[in-house]
Amino acid sequence: MLMSDRLTGAVVATLGALSFAYGSQLPPVPGQQVGPSAFPMVIGVGLVLCGALIVLGVGRRLEEVAEADVALHTAPELLKPPPPWKAWLALLPPALVAFYALASEALGFLPTAAIMVATASSAFGARAKLVIPVAIIAPFVVNLIFLKLLRVPLPGGLLPFPW
Numbered sequence: 001m002l003m004s005d006r007l008t009g010a011v012v013a014t015l016g017a018l019s020f021a022y023g024s025q026l027p028p029v030p031g032q033q034v035g036p037s038a039f040p041m042v043i044g045v046g047l048v049l050c051g052a053l054i055v056l057g058v059g060r061r062l063e064e065v066a067e068a069d070v071a072l073h074t075a076p077e078l079l080k081p082p083p084p085w086k087a088w089l090a091l092l093p094p095a096l097v098a099f100y101a102l103a104s105e106a107l108g109f110l111p112t113a114a115i116m117v118a119t120a121s122s123a124f125g126a127r128a129k130l131v132i133p134v135a136i137i138a139p140f141v142v143n144l145i146f147l148k149l150l151r152v153p154l155p156g157g158l159l160p161f162p163w
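Each residue of the sequence shown is one higher than the one before, counting from 1 in the UniProt record's numbering.
The following block contains the structure:
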């Protein structure tokens, strides 16, 4: 079943409006200029803008041109369906979230996130020379953002954050 772009855009814009409305009702944190309401409100505004652009059809012509260009350069007989086992990859993100919930306290954020990034990247086809550096660097960057900018400590576990 195909959904109309206008309907999809309207749903996205509605979700954005709901996010904004909910975020605006969150209480402020004393002594903080930016409280918990900022994130849902910013996301809500972004969703409303994206939904409105989809409803108005902005970029639709570019999409049609790109699809026509791909169709010209791709022979239908060369397109083969993905192997059946790839359908199981849809279960990987929820499995990784469950793994994080179960393992993060014992292992800590850094090793758990590194395992998650490496597993997801490998499963979705990234090369090892990209998987390894990203799996090592990304958890440190995310932990630094949570610790220094958001002031939310993540589980230390076996490898606590060095600073």
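Every residue gets a Cβ at the ideal spot worked out from N, C-alpha and C, and that includes glycine.
query	result
Are the segment 39-57 and the segment 5-16 in contact at 8 Å, needing three or more beta carbon pairs?	yes
Does the beta-carbon of Pro-30 have 16 or more other beta-carbons within 10 angstroms, so that it is buried, or is it exposed?	exposed
If you follow the alpha helix (DSSP H) that Arg-60 is part of, which residue opens it and which one closes it?	60-73
Under three-state DSSP, which class holds Lys-129?	helix
Can you list, in chain order, the residues of its chain whose CB lies under 6 Å from that of Leu-26, leaving out five sequence neighbours each side?	Pro-36, Ser-37
Consider the C-beta atom of Gly-31 and the heavy atoms of the ligand GTP; say whether any pair is separated by less than 7 Å.	What this structure holds is no ligand at all, so the ligand GTP is not there to describe.
Can you find the residues in the same chain that come closer than 7 Å, C-beta to C-beta, to Pro-153, ignoring five residues on each side of it along the sequence?	Leu-147
Express the C-alpha separation of Phe-20 and Gln-32 in angstroms, rounding to a whole number.	20 Å
So, are the CB atoms of Phe-99 and Met-116 less than 8 Å apart?	yes
According to DSSP, is Lys-80 helix, strand or coil?	coil
Measuring CB to CB, does Ala-120 end up less than 8 Å from Leu-96?	yes
Output the distance between the C-alpha atoms of Leu-144 and Ala-138, rounded to the nearest integer angstrom.	10 Å
Using 8 Å as the threshold, is the C-beta distance between Gly-51 and Gly-108 below it?	no
Sort Ala-123, Ala-71, Leu-110 by Cα distance to Trp-85 and report the nearest one.	Ala-123
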